[in-house]
Structure formats: C-alpha cells, structure tokens
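Reading through the structure tokens given below for one structure.
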Amino acid sequence: MSMPNIVVLGSGMGGFGAAYRLHQEGIAPVMYDKNGYYGGHTMSFRYESGFLFDIGPHISFTKDTRIQELLAESVGGRYETLQINLNNYWRGYWPTHPVQLHLHGLPEETIVKVISDFVEERSAPEKTIRNYEDWLYASFGKTFAESFPMQYTRKYHTTTADNMSTDWLGPRVYRPSLEEVLRGAISASAPQVHYITHFRYPSDGGFRLYLNKFVPMGNIKLEHELISVDPRARELTFSNGLVTQYDSLVSSVPLPDMIRMIQGAPGDVVEASRKLACSTCVLVNIGINRADISNAHMTYFYDEDICFTRLSFPHMLSSRNAPPGTGNIQAEVYFSEKYKPFSGKAEDWIDPVIRDLKKVGLVREEDEILCRKAMLLRYANIIFDLERADALKTVHGYLDDIGIAYCGRYGDWGYMWTDESFISGERAAERALDSVVSAT
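Residue numbering for the sequence shown follows my numbering, starting at 1 and increasing by one per position.
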C-alpha cells in the first residue's frame, strides 16, 4: 500500500504534534504555513539590537513527563528550570500573585471590605452560577470580584464577566479558603499558591527551539496561504496558485478563517463561525539599558488607565534573551473584532506603552531605550463568551462530517497551553489516520 497523503495546515505546536504522531507511522506529512517562518505563535525573533522576544509569553510548565522528555530532547537538554515569580499592579501597589492570597500591604479599608464581603458571601445561601460574574461573586464577594478579576476580564478578554461562561476556568483562578485569605492579609510571607510553581525555558534561542526535534518530521512549505478548501474533491487552493489534493486533512487554521474558505459550507455553520470570539493582541517589545527592571517573570495590570494588560520580562527567562547588562519587556495590549475592534497600526502603541511603563515606575526617564518594536496578532486568546459553546458545537460538528481533523488553540477553539496544543495535534492525526483507514 502507498502511504496516505495527509496534509497538515499550520506549523505551530498543534501542527507539529500531528507531524510527530504521523512520523510514528512512517508518514511525513506536507505542512503548509502562510508565514515565511514555521512555528506559528511558538516562533521567537531576535532583533538586530540583540534582544530576543517570543510571540507572547511562553514557558513550559507541563506535568506530563512524556511531553517534558520530548521538549528536553528537542533542545538537547539545554534549558533553564526556574521557580516562577508572578506579581500584580493595582493602584500603585504591587501584590504577589494571586492577589486573593496576598492582600497584605493593600489599603486597610480595602482589606477589611474584601474579607467582610468574602465571609458574607460564604455564609449566604448557595446561588445559581449562570456565568463568570456569578462565579466571581460567589467565590470572592463583591469588593474583590469588582476590584480585581472583573477589571482584568475587561482588559484581557475585552468583554464583561457576565458575558463569559466558566468553561475555561480549570485551575486558572484560585478559590481560597477563609484561612488562606486571612493569612495573606496579615502576613507578608504568605505561601504562594498557583497552578504554576516551576517552569522550563530553553537556555538560548527562545521558546521556538522546543520545535527542533519535530521540524524534520514534516515537509514544510512556507509562504503558502490557503484560500479555498473543496471537501468533496479533497482539494486545497493557495494564493500562490498551487492546487493540491489530500487523502486526509489536519488543520490548526482558526475556525472562522477555515469555515470561510470551505466551498459549500452551510449558512448556519458560517453564521456560527462568525459568533466565535477571539482577542487580538498588540505586542510591544521594549529593550532598555539595564536588567534590574523587575524581579517578576510576569506582571498583571488591573487598572484600566494603564494600556497594557500584562508584562513579561524575557531576560528573566534566560539571560541570553538580551545583551549583557540590559533587559527586555514585552507588553500585551488587547482588542477583539467582536467587542473592541482594533484600528491603526501596531506601532501606534509603542509610545503609549512606554508612557505607562514610566507611569508605573518600571522605566525611568533616564533609561535609554535600545529596542522598540511592535507586532499585531490577529488571533490571540479565545474568548469564552456565552455564544461560544453552541457556535463551536455547530462548527466542529460540520468539520467532523466533512472529515477535517482540527487541532491547536484555534482549531479546538480552546484555552490551550503548549502541551495541550501538542497533544491536540496528536489526537487530530489519529482521527486523520482513522479516516484514511475507513476510506480504504
């Protein structure tokens, strides 16, 4: 029997997870990517100034030993293992993350009101949880919910908590006991409790090096932008004129884009795909002439008069991410087509980010800015609004019917970390293999 022609669309973690699984069956899939580089959001760039930035903050904190070993092999065992340090900025205060466990140092009246509301809510009759807002009130009480996570939701997800489901939560928002809240209010040395304790990061070259092992497993075709899919003829058409066929298809293409390109997609499926919401992110990458910017790896910003939602500090992950004696900062500014449309250019946000970095005291007036770059990510984080579940069921059901195996954050349309995206690709490859077997 000849080897099946299995095509993989996209070359991020999901796509390479599929390539790895197919490689185990002796199949080298053709992988198409619209970009001039492989890796998708797993890519890293080193600018001429010497500063290296990933496409968004990337660290590996998987507990899956199989994935740990695969990634370690991919970088030849050359990685840093770091204890994570996260903090927050709120109205001039810098509490440790998560805030609900580290109220110490905040204004006394805020602490008293947070604890009072917390106790009152825990003593109240159990309420129906209809959305994320209800969950926040039930978990933390009114003062904390409205002062911290609900503000962050508007900045990060670009919509309000009452318009979001709780499907995405998992371990991401910690629900403390009264004892934990009290301990964090009276003691500056309250223990850190977070779903991430330690993480790994490549020693040199950025997060993209975790793909090294998998790149040879696929026949990668760059600068191939897909414009049409004919599921009946099993035919793909690209903007450069290439027309090619497939026996089975694995796709990490964002679902709204994929549905738009499928010939004959039913109207209800097209309409459902338009309801799927995802944030757009402007990444502003700054390098300055000193390394002592922050002790944190990442900082969350709640104040809505600060333009960025989160900062990360790549030189804190590996000293080789910045020239000696310097430091780099990556700021995230969020928009979304559905709730907060982006206009203009990514570069328009460089000066506002620098302004607010000075406002919060991380960049000083005398600092020399050695690198100032910006890029726009059309797709960033999936927004779990109240329309997502039904719309996704319709879209995925249709793709299942026409035999397209979807994977990755934008194929599964989920809140996925690196290991989850890779495993998603493996599972999509399994479905693709099963469909080939069924067809024969």
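Beta carbons: idealized from backbone N, C-alpha and C, even for Gly.
Values in this document were obtained by computation on a predicted structure and should not be read as measured data.
Counting along the chain, Ala-374 sits inside the beta strand (DSSP E) bounded by residues 369-377. Counting along the chain, the unbroken alpha helix (DSSP H) around Thr-143 starts and ends at 142-147.
Shown here for Ala-428: same chain residues with a beta carbon closer than 6 Å to its own, the five before and five after excluded, namely Ala-18, Val-250, Ala-405 and Cys-407 in chain order.
Shown here for Ile-59: same chain residues with a beta carbon closer than 6 Å to its own, the five before and five after excluded, namely Phe-199 and Tyr-201 in chain order. Around the beta carbon of Val-363, a 10 Å sphere encloses 16 or more other beta carbons of the protein chains shown; the residue is thus reported as buried.
Beta-carbon to beta-carbon, Ser-49 and Cys-371 are separated by about 4 Å, close enough to satisfy the 8 Å threshold. Between Val-333 and Ser-312, the alpha-carbon positions lie close to 12 Å from each other.
Under the 8 Å Cβ criterion, the stretch 379-389 counts as touching the stretch 411-429, having at least three qualifying pairs. With contacts defined as CB atoms closer than 8 Å, Ser-424 and Gly-14 qualify as a contacting pair. Taking the C-beta atoms as reference points, Ala-296 is found no nearer than 8 Å to Leu-52. The secondary-structure analysis by DSSP pairs Thr-244 across a beta bridge with Leu-236.
The Cβ atoms of Ala-145 and Lys-127 lie no closer than 8 Å to each other. Per DSSP, the continuous alpha helix (DSSP H) segment holding Val-270 begins and ends at 267-275. Spatial neighbours of Tyr-20 in its own chain (CB-CB distance under 7 Å, excluding positions within 5 residues in sequence) are listed in chain order as Phe-214, Met-217 and Glu-426. In the three-state scheme derived from DSSP, where H, G and I count as helix and E and B as strand, Trp-168 is classed as coil. For Pro-314, the three-state secondary structure derived from DSSP is helix.
DSSP links Trp-90 through a beta bridge to Tyr-93. The beta carbon of Asp-367 is closer than 8 Å to those of Ile-288, Asn-289 and Arg-290 in its chain, skipping five residues each way along the sequence.
A direct Cα-to-Cα measurement between Met-375 and Leu-226 gives close to 22 Å. Counting along the chain, the unbroken alpha helix (DSSP H) around Met-261 starts and ends at 255-261.
Below 8 Å, too few C-beta pairs join the stretch 240-250 and the stretch 340-352 to call them touching: fewer than three. Taken in chain order, the whole alpha helix (DSSP H) runs of length 4 or more contained in the stretch 52-86 are 65-74. Contact between Ala-190 and Leu-70 is ruled out by a C-beta separation of about 36 Å, above the 8 Å threshold.
Here DSSP, grouped into helix, strand and coil, assigns Asp-204 to coil.
DSSP places Gln-151 in the helix class (H, G or I) of the three-state scheme. Asn-219 is classed as exposed because its beta carbon has fewer than 16 other beta carbons within 10 Å across all chains shown. By the 16-neighbour rule on beta-carbons within 10 angstroms, Val-395 is buried. In the structure shown, the three-state DSSP call for Thr-42 is helix. For Glu-109, the enclosing alpha helix (DSSP H) covers residues 108-123. The beta-carbon separation of Met-150 and Leu-136, rounded to 6 Å, stays under the 8 Å limit for a contact.
Under DSSP, the beta-bridge partners assigned to Leu-283 are Glu-332 and Met-375.
Secondary structure note for Ala-405: its beta strand (DSSP E) is the uninterrupted segment 404-406. A straight line joining the alpha-carbon of Cys-281 with that of Phe-335 spans about 6 Å.
Around the C-beta of Arg-172, fewer than 16 other C-beta atoms lie within 10 Å, and the residue is accordingly described as exposed. DSSP places His-23 in the helix class (H, G or I) of the three-state scheme. In terms of Cβ geometry, Asn-131 and Asp-162 form a close pair [threshold 8 Å].
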